[in-house]
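Trainee: Numbering (the working numbering), first residue to last: 1 to 396. We put the beta carbon where it would ideally sit given N, CA and C, even for glycine. Please read these numbers as outputs of a predicted model, since none were measured by experiment. The structure follows.
Structure, rendered in structure tokens:
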């Protein structure tokens, strides 16, 4: 028989969001260590606008929405209520309820640090309704300011009325996304984009791949929420993990204190976001920001005489570690790759242009004519640069 001392606590949380599921788990973990609550789960979408909480439960933990049954119920509620949402909900006393949520500014800081670790100099944000009355939304303006302060170039894309979360079929549609296609085609690259949600991130990845934009070499995409859609499929989406368990635990602590006669002040507390789950959309096959940073450095400087030693410094590891991780992820010997790219560029300039041989050597990063001469001889079976040029032209 249930004790009179026990408290009936209603959880009104959506099932569709990984964050909400983790939040629920945090509350349950707290209850496992602090017996005395009877948890009742109520399905948000199935609540009747006439539902009553007063006298039926002792407290409510909810994730408020701007519309639906919950909005009509909460103003009539006189019992302890805590909100895990980001919006504002007014209770029956005309006050903002106490709440706990995650710190959005942490997401922006994590994203910028992640893109910096990847060696990216152009970053941006992609989401819906980024501006109101011509002003950039606060959730984006802070990231833009930090990016510009860090010396990064900033871009942004507004999906407008298109919402891949509410209508996921838009992710795979072949029409109606012309503006996004134009943005992805003309935007400076390599680029790192933080998406409003994992569904927006998947939309970016799908469109980019259709256009032949390489992910993550040319476009690194970071989502938010660690939704199921991010960790499945051929190319998985890197995502900022929201601290659902920590938020749920904190909500349970606050509600327990409220039951004990210590109601919290009506303001919203925040829990920091601390972790990025690195997957292929930013981490490539190596899932290692250092290795991806070295890959991008190689892409930009392969023809400038970049060395394995230099790439190891960019990756922040030893040459041996770089070679091992590169080979494991991509099946490529990085030293051979550097040499082959240099070879192809040098021999192409000798065969297809009239550029002076000394300048060809400088263009390919050789410190002296003798270094370049010996390199060409090794790559051509004994032919010097001038002889190789004559041979290639005589064969045409």
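Looking at the structure shown, is residue 176 part of a helix, part of a strand, or coil, going by DSSP?
Mentor: Here residue 176 is taken as the residue at index 176 of the chain shown, counted from 1. Coil, per DSSP.
Trainee: Given this structure, state the Cα-to-Cα distance separating residue 20 from residue 61, to the nearest angstrom.
Mentor: One-based indexing of the chain shown puts residue 20 at position 20. One-based indexing of the chain shown puts residue 61 at position 61. Rounded to whole angstroms, residue 20 to residue 61 spans 11 Å at the Cα level.
Trainee: Give the single residue among 230, 261, 187 whose Cα lies nearest to the Cα of residue 200.
Mentor: Here residue 200 refers to the residue found at position 200 when the chain shown is read from its first residue. Checked all of 230, 261, 187; the closest Cα to residue 200 is 230.
Trainee: Taking 8 Å as the limit between beta carbons, can you name the residues of its chain near residue 184, skipping five residues before and five after?
Mentor: The residue given as residue 184 occupies position 184 in the chain shown. If we look at residue 184 and ignore the five residues flanking it on each side, its Cβ neighbours are 204, 207, 208, 211, 213, 219.
Trainee: Taking the C-alpha atoms as reference points, what is the distance between residue 392 and residue 292?
Mentor: For the purposes of this step, residue 392 is taken as the residue at position 392 of the chain shown. For the purposes of this step, residue 292 is taken as the residue at position 292 of the chain shown. Rounded to whole angstroms, residue 392 to residue 292 spans 37 Å at the Cα level.
Trainee: In three-state DSSP terms, what is residue 66?
Mentor: Along the chain shown, one-based indexing puts residue 66 at 66. A caution first: residue 66 carries a pLDDT of 46, below 50, which makes its placement in the model too unreliable to give a value.
Trainee: Tell me, please, whether the stretch 314-324 touches the stretch 280-294 by the rule of three or more beta-carbon pairs shorter than 8 Å.
Mentor: Touching, yes.
Trainee: If distances are taken between C-alpha atoms only, which option among 261, 356, 343 comes closest to residue 381?
Mentor: Looking up residue 381 in the chain shown gives position 381. Considering only alpha carbons, the answer is 343.
Trainee: Between which two residues does the beta strand (DSSP E) carrying residue 9 extend?
Mentor: Here residue 9 corresponds to residue number 9 of the chain shown, with the count starting at 1. Run containing residue 9: 7-12, per the beta strand (DSSP E) assignment.
Trainee: CB-CB under 6 Å to residue 258, same chain, minus the five flanking residues each way: which ones, in chain order?
Mentor: Along the chain shown, read from residue 1 onward, the residue named residue 258 stands at position 258. Contacts found: 80.
Trainee: For residue 161, count neighbouring C-beta atoms within 10 Å of its own C-beta (all shown protein chains included) and say buried if the count is 16 or more, exposed if not.
Mentor: Translated into positions along the chain shown, residue 161 becomes position 161. The residue in question, residue 161, is exposed, as its Cβ has fewer than 16 Cβ neighbours within 10 Å.
Trainee: Since residue 70 and residue 39 are thought to touch, with beta carbons under 8 Å apart, how far apart are those beta carbons, to the nearest angstrom?
Mentor: Residue mapping note: residue 70 aligns to position 70 of the chain shown, counting from 1. Residue mapping note: residue 39 aligns to position 39 of the chain shown, counting from 1. That pair is no contact at about 18 Å.
Trainee: Spell out the partners DSSP gives residue 238 in its beta bridges.
Mentor: Numbered from its first residue, the chain shown carries residue 238 at position 238. Beta-bridge pairing links residue 238 to 222.
Trainee: Inspect the beta-carbon positions of residue 286 and residue 236 and report whether they are closer than 8 Å.
Mentor: Locating residue 286 in the chain shown gives position 286, where the first residue counts as 1. Locating residue 236 in the chain shown gives position 236, where the first residue counts as 1. In terms of Cβ geometry, residue 286 and residue 236 do not form a close pair [threshold 8 Å].
Trainee: Could you give the DSSP three-state label for residue 244: helix, strand or coil?
Mentor: Against the chain shown, residue 244 aligns to sequence position 244. Residue 244 falls in the helix class under three-state DSSP.
Trainee: When burial is assigned at 16 or more other CB atoms within 10 Å of the CB, is residue 249 buried or exposed?
Mentor: Stepping through the chain shown from its first residue, residue 249 is reached at position 249. Answer is buried; the Cβ neighbour count reaches 16.
Trainee: Apply the 10 Å Cβ neighbour rule to residue 34 and answer buried if 16 or more other Cβ atoms are within range, or exposed otherwise.
Mentor: Position 34 of the chain shown, counted from the first residue, corresponds to residue 34. Of the other Cβ atoms in all chains shown, fewer than 16 fall within 10 Å of the Cβ of residue 34; this residue is therefore exposed.
Trainee: I need the DSSP call for residue 92, collapsed to helix, strand or coil.
Mentor: In the chain shown, the residue the question calls residue 92 occupies position 92. Confidence in residue 92 is poor, its pLDDT being 37 and thus under 50, which makes the residue's placement unreliable; the coordinate value appears in the next sentence. It is coil, neither helix nor strand.
Trainee: Would you verify that the beta carbon of residue 126 is, or is not, closer than 8 Å to some beta carbon of chain D?
Mentor: This model lacks chain D altogether, as it is built from one protein chain only.
Trainee: Is it the case that the Cβ atoms of residue 77 and residue 58 are separated by a distance below 8 Å?
Mentor: Counted from its first residue, the chain shown places residue 77 at position 77. Counted from its first residue, the chain shown places residue 58 at position 58. No, Cβ-Cβ distance for residue 77 and residue 58 is not below 8 Å.
Trainee: Just to confirm the assignment: which complete alpha helix (DSSP H) runs, minimum length 4, are found wholly within the stretch 264-299?
Mentor: 280-283
Trainee: I want to know whether the stretch 329-339 touches the stretch 306-313 - three or more CB-CB distances under 8 Å.
Mentor: yes
Trainee: Buried or exposed, going by whether 16 or more other CB atoms sit within 10 Å of the CB of residue 159?
Mentor: The sequence position of residue 159 within the chain shown is 159, counting from 1. Buried, by the Cβ-count rule.
Trainee: Name the two residues that bound the continuous alpha helix (DSSP H) containing residue 376.
Mentor: Counting from one through the chain shown, the residue named residue 376 turns up at place 376. Taken as a continuous stretch (DSSP letters only), the alpha helix (DSSP H) holding residue 376 covers 369-380.
Trainee: Quick one: is the Cβ of residue 353 within less than 7 Å of any heavy atom of the ligand ZN?
Mentor: Only the bare structure without any ligand can be found here, which leaves the ligand ZN out of the picture.
Trainee: Along the chain, which unbroken stretches of the alpha helix (DSSP H) at least 4 residues long are found entirely within the stretch 120-180?
Mentor: 138-149
Trainee: Thinking C-alpha only, which one of 274, 251, 377, 282 is nearest residue 10?
Mentor: For the purposes of this step, residue 10 is taken as the residue at position 10 of the chain shown. It is 251 whose Cα lies nearest to the Cα of residue 10.
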